[in-house]
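Asker: If you scroll down you'll find the structure; I have some questions about it.
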Amino acid sequence: MNTKQPQSILSSLFPNKAQAVAAEIAFLFIAGIFAAVVQQYLKVPMHLPGKQGLLFMLILTSVATLSRVKGAASITTGGAAVYLLTFQMASGDIYKPLLYIMVGITLDAMIILWQKFNKPVLLLAVAGALSWATIPFTRLVISSLTGVVFKSFMSGLIYPFITHLIFGFIAALIAGLAFKKYY
5 MNTKQPQSIL SSLFPNKAQA VAAEIAFLFI AGIFAAVVQQ YLKVPMHLPG KQGLLFMLIL
65 TSVATLSRVK GAASITTGGA AVYLLTFQMA SGDIYKPLLY IMVGITLDAM IILWQKFNKP
125 VLLLAVAGAL SWATIPFTRL VISSLTGVVF KSFMSGLIYP FITHLIFGFI AALIAGLAFK
185 KYY
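Using this note's numbering, the first residue of the sequence shown is number 5, and each one after it goes up by one.
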């Protein structure tokens, strides 16, 4: 009877641990680019600030919770920011790369807290909501410091915060429920 544990797919592809970590970091970076591309090309004008967070946060929360690399959300949003800086600067929002990096940093901090509380799905959903809500908060700070007016604040200050919280919560909840058995 064979009692040896089967080797995982990743460790059989990359027998060296450093190679496996490098491959995972590259995957996270590419996942960020993919999330930004999907978000940029699936824009639907519905006048709901934060609606793009459904797809972006679903991808971001999924890879961040499944990854073994610390700072996975920051690496993923770094990939999205590089894509936006390289290919989407003409889209009109020059602060979007900064906004995404803030989302990644916040989600990484929240995931550390989430892991200490035995990984409940609802806490992950709250972490996703608060992380996605850093976008209107950061825009408010930028607007206060520079005088730049963002379209999302045309309907008031509270509305963008509420919609970002809702869309971030829904996306992180779906990601948490979909991948619960893997983390």
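Idealized CB from N, CA, C, for every residue including glycine.
Owing to the predicted nature of the structure, the values given are computational and were not obtained by experimental measurement.
#1: Can you look up A26 in the DSSP assignment and give me helix, strand or coil?
#2: Provide the residue span of the alpha helix (DSSP H) that contains Q119, from first to last.
#3: Nearest to T167 by CA position, among V42, W118, K120, G132, is which residue?
#4: Can L177 and A129 be called in contact, C-beta distance under 7 Å?
#5: Spatial neighbours of L46 within its chain, please: C-beta separation below 7 Å, excluding the five flanking residues on both sides.
#6: Verify whether the separation of the beta carbon atoms of L127 and W118 is less than 7 Å.
#7: With DSSP collapsed to three states, give me the class of F154.
#8: With respect to the alpha helix (DSSP H) encompassing P164, which residues constitute its N-terminal and C-terminal limits?
#9: Which class does R72 belong to by DSSP, given the choice of helix, strand or coil?
#10: To the nearest angstrom, how far is it from the Cα of A182 to the Cα of I63?
#11: Within the chosen definition, does the region 69-87 reach the region 51-58 through at least 3 CB pairs nearer than 8 Å?
#12: At what residues does the alpha helix (DSSP H) containing G132 begin and finish?
#13: Starting from the C-beta of T142, find all residues in its chain whose C-beta is less than 8 Å away, skip the five residues before and the five after it, and write them out in chain order.
#14: Can you give me the C-alpha to C-alpha distance between L89 and I139, rounded to a whole angstrom?
#15: What is the rounded straight-line gap between the Cα of L161 and the Cα of I109?
#16: Considering Cα atoms alone, identify which of F165, M114, N20, A30 is closest to I79.
#17: Please report the Cβ distance between S71 and L32, rounded to the nearest whole angstrom; I am assuming they are in contact, meaning their Cβ atoms lie under 8 Å.
Answerer: So, from the data block:
#1: In the structure shown, A26 sits in a helix (DSSP, three-state: H, G or I).
#2: 100-120
#3: For T167, the nearest C-alpha among the options comes from G132.
#4: yes
#5: L59
#6: yes
#7: coil
#8: 162-182
#9: Under the three-state reduction of DSSP, R72 is assigned to coil, being neither helix nor strand.
#10: 11 Å
#11: no
#12: Counting along the chain, the alpha helix (DSSP H) containing G132 begins and ends at 125-136.
#13: Y99, L102, L103, M106
#14: In a straight line, the C-alpha of L89 is about 17 Å away from that of I139.
#15: 23 Å
#16: A30
#17: 6 Å
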